[in-house]
Amino acid sequence: MSGNLRLRIGITLFVTLIGLIYVLPSIPAVRESSLGKVLPDTKINLGLDLQGGMHLTLGVDIDKAVENNISQAGRDLRDIARDDGVFILRPTVTKENHLQFVLPKADSRDKLDEIIAEHFENFRVNSRTTLDDGQVRYDLIMTEKYKNYLADLTLDQAVKTIRNRIDQFGVSEPDIRKQREDYRIQVQLPGLKDQQGAIDILSRTAHLEFKMVDENADIAKAQKGILPPGDELAMMQHTNADGSSTETPIVLKRDAVLTGEYITNAGTAFDSYNQPYVTLTFNSRGARLFERLTGEHVKERMAIVLDGKVYSAPVIQDRISGGRASITGSFTTDEAHNLAIVLRAGALPAPVTILQERSVGPSLGQESIDQGINAALIGGALVIVFMVIYYGFAGIVADTVLMLNIFLVLAGLAGFGATLTLPGIAGIILTLGMAVDANVLIYERIREELRNGLTPRAAVDMGYSRATLTILDANVTTVIAAIILYQFGTGPIRGFAVTLTLGILASMFTAIFVSRILFDLWLVKRPAKAGLSI
Amino acid sequence: MGLNILKKVPTVNFIGYRKVAFLISGLLILAGVVSLAIKGGPAYGIDFAGGINVQLKFNNEVELDKLRDALESIGLEGLTVQRFGMQGDNEYLMRIAQSDIETDSLRQGIDSALAKAMPELGHEIQRVEMVGPKVGADLRQKALEAMFYAVLLIAIYISGRFEQRWWAAGIMAAALAGGMYVLGLVGIATGYLTIIALIVALALCWYLKLNYALGAVVALVHDVIITVGIFSILNKEFDLTIVAALLTIIGYSLNDTIIVFDRIRENLRNRISKDFGETINVSINQTLSRTLLTSGTTLVVVVALFVLGGGVIHDFALALLIGVGVGTYSSIFVASPILLAFQPPEEPLPQGAAPAKA
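Going down the list, the sequences are from chains R and W.
Take the first sequence: its letters are residues 1 to 534, numbered as in UniProt numbering.
Take the second sequence: its letters are residues 1 to 358, numbered as in UniProt numbering.
What follows is the structure, given as structure tokens:
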């Protein structure tokens, strides 16, 4: 055996060993054994389509966040100006991020401008219009820079809140990513079983408000749209004895007396009828506010509103100290549990909408694996048998390197921490077919050279050297297509691109390098004149 | 010696059949285009059009009509129900065109509607996919861009490798990238932009005499159009996995074309014949057994995928099946005749090499 051949065998064994180190941890039995502690922590991750789970794309409503911020600024301006003796009327947010209001007394214009300049550096005065009756209408606009800052901040906060909620919901390996350019959030929850519950807790804004009930308002009139100023009409949910629910109209004061931002903890408990309810704990500031509020409004009703829906409106019996409150209402144990999670994790800074959802039940995943592996085994077996029949001994060489090829692809997937998806399995099966191509190119070339009268030794040399460049050219184009697939694809498509690329790289190594070794070993022991089984 | 399909190098006059081949290709493309025109473009799956797919599994067979009636009671817009997978799987796919429904209320709706209408059957929701209209439009655009860049990069690679004219390939890339950018600024829809860019790419290949690239790109555009056309005729939907299949077809078709082109180049260097058509013919014949073998083994595994791979990748396997077949055909009957029509520049004789016999 020449030194060159020995070196090539060494390289092959080394690559195989590395492959083994990366593949072995994917086998659960090995990972749990003492060997598993020495090996690297790599394994082939199964995609959602194989193990079940959920993929969500959430869109964050940035416009709503900006609108809320402007509307808050309007209320702040009204309060600050009032402290300085300037009164402004009807601050309203108009569509294009403008804040409009009316100043009844034109002579306090300078003072108002001063207040705006001092406290509202994120706004600039767009126009001041003097109306017919001498009042001045102001139009403020939020600066573009602040709007962008606000948008980024909102996205970051939304991601944080969502991560909090998922952590509390209990998912083992969640993957949460923000896409800053279009204000979207990608959430992957592999192996998740309670998909409905997950959507329930992720998409809820969880904006909690306490509002006083306007007992003097006329509900019949309110339903026709005639409301006292500062009031709003809402619907309250009731659960009936038979489990169905009904809604009753209720008139509330529009301004919330307290919001969910003061909540430090939330949990679930059961009342004496075994009905679940949600308990809330306020922080010290919230507790003081709540105590003062309940003291001021004894014998009045206070409504608990979550995301615009009234859960209950109990009568305040007495001043409540200690910073605890509860939400009773019509929920199941699961609903109460999820509600507690979202209240604990905090409100989303802006509503989110589910733009895309892909969820696969665990049973379908198992079925897909079985079918994919079945197809791979049968397809592979047919190819292997065919190669032996068609090329004889050389076919066995081809089959050997083909198996090594698949093994290396699996090792590559584990090593890169790539995700194996159903299209990925298809990619492996496809490379099976295409990996044969490199061998076929070489063998057909060798046959051709044998027909031209070359000795087996020379024909093998010629076959390999001539076919190598062709194989390179042909495979580079496929790799280009795979790279583009990876760049533009999402989820399963990326998995497919990765397996395709790994498959091609492995097939070049096995078909050009390793199979040559086997041929050389074989030829070394044969008399020069013997034929070649190809 | 193992088996031999072709005992010796065949001498089929492939180039002589090119008119028949052009007719066949023309008819296939025409049929596809007509089908696309009648149906108003490709039938987009929910990935591109937006909508909801729900896959349901029952313990026993359900009549489609009964299932449809039960599901219609939820009041969904554009509901279709069809069987999914194999006969014995008892799996059904419901497709809802509307995408502004919340999926958790949809799940509840389905659960209660089915529990009411067919309580004895025991159903399971296996898979829910919802794509909002905005995401759908984004995905559609990305898919088109992917196809375009794949074709462009491949054209550059072929021009560089086969004709050693990287500069010409570079000019083409720069012109196209610049053109795309400007047209994009003007606000032309990505769909038209891609088509325009492709036509410009072909024109540039022709103008810069990048004939190998021209042949290869025409062949792969041919393959993609025919595959898309057959999908339209069979009323199959386009989704992201089909785009993946199309890109794989592009890779495969090129793989095949390049192996023939490589041999043509080698034979040109060896001056096996004064007649270019003859050189091409010999080259195709020399590589024919390899072409048949590789396509054969690839088809065997793709057929295994198609038959046994399960419902989720059924259409993906179908696209590959069509593509591998058409891709093999096009490297012989489309790419090579185009190369003949435009003739590559003479290959320089390598130093010290004697012209080989045919």
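Just so you know, even glycine gets a beta-carbon here, dropped at the ideal spot from N, CA and C.
Straight across, the Cα-Cα distance linking residue 329 of chain W with residue 190 of chain R is about 42 angstroms. For residue 93 of chain R, there is no enclosing alpha helix (DSSP H); the residue is part of the beta strand (DSSP E) that begins and ends at 89 to 94. Linking residue 84 of chain W to residue 92 of chain W through their CA atoms gives a straight-line distance of about 5 angstroms. For the 9 angstroms CB-CB criterion, residue 44 of chain W and residue 238 of chain W form a contact. Residue 51 of chain W is bridged by DSSP to W/131.
Its chain contains 80 as the residues whose beta carbon lies nearer than 7 angstroms to that of residue 119 of chain R, once the 5 sequence neighbours on both sides are disregarded; these appear in chain order. The beta carbons of residue 397 of chain R and residue 519 of chain R sit about 7 angstroms from each other, so the pair counts as a contact at 8 angstroms. Closer than 9 angstroms to the CB of residue 190 of chain R there is not a single CB belonging to chain W.
Residue 275 of chain R carries a coil assignment under DSSP once its states are collapsed to helix, strand and coil. For a Cβ distance threshold of 9 angstroms, nothing in chain R lies close to residue 59 of chain W: the least Cβ distance comes to about 12 angstroms. Put simply, the CB of residue 440 of chain R is near chain W, with a gap under 9 angstroms to one of its CB atoms.
One finds nothing in chain R with a Cβ atom closer than 7 angstroms to the Cβ of residue 235 of chain W; even the nearest lies about 22 angstroms away. In terms of beta-carbon proximity, residue 200 of chain R lines the interface with chain W, with at least one pair separated by less than 9 angstroms.
In this structure, DSSP gives residue 386 of chain R a helical state, which the three-state scheme calls helix.
Interface with chain W (9 angstroms Cβ-Cβ cutoff): residue 469 of chain R is included. In the DSSP assignment, the residues bridged to residue 259 of chain R are R/209. A straight-line Cα-Cα distance of about 28 angstroms links residue 223 of chain R and residue 101 of chain R. Within the same chain, Cβ atoms closer than 8 angstroms to the Cβ of residue 69 of chain W are found at 117, the five residues on either side in sequence being excluded.
Within a 10 Å sphere around the beta-carbon of residue 416 of chain R sit fewer than 16 other beta-carbons, which makes this residue exposed. The CB of residue 374 of chain R comes closer than 7 angstroms to the CB of 308 in chain W, given here in chain order.
When secondary structure is reduced to three states using DSSP, residue 431 of chain R falls in the helix class. In the structure shown, the three-state DSSP call for residue 9 of chain R is helix. Of the residues assessed, residue 25 of chain W falls on the buried side of the cut-off, its CB having 16 or more other CB atoms within 10 angstroms. Less than 9 angstroms divides the Cβ of residue 282 of chain R from the Cβ of residue 323 of chain R. Bridge pairing for residue 325 of chain R: R/280 [DSSP]. Where residue 253 of chain R is concerned, there is no enclosing alpha helix (DSSP H), although the beta strand (DSSP E) around it starts and stops at 245 to 253. Residue-level contact check: residue 293 of chain W touches chain R, since one or more beta carbons of chain R fall below 9 angstroms from its beta carbon. Under the 10 Å beta carbon count, residue 145 of chain R is surrounded by fewer than 16 other beta carbons and is classified as exposed. If one requires a minimum length of 3 residues, the beta strand (DSSP E) runs lying completely within the stretch 41 to 101 of chain W are 51 to 58, 79 to 84, 91 to 96, in chain order.
Assignment of residue 203 of chain R by DSSP, reduced to helix, strand and coil, places it in the helix class.
In this structure, the straight-line span from the alpha carbon of residue 132 of chain W to that of residue 72 of chain W is close to 21 angstroms. Interface residue (Cβ-Cβ distance to chain R less than 9 angstroms): residue 223 of chain W is not classified as such. Distance from the CA of residue 288 of chain W to the CA of residue 126 of chain W, rounded to the nearest whole angstrom, comes to 46 angstroms. If the five residues before and after residue 169 of chain W are omitted, its C-beta is found closer than 6 angstroms to the C-beta atoms of 156, 159, 160, all from its own chain and listed in chain order. Neighbours of residue 434 of chain R across chain W, judged by C-beta separation under 8 angstroms: 252, 255, 294, 298.
Taking the Cα positions, residue 450 of chain R is about 32 angstroms away from residue 326 of chain W.
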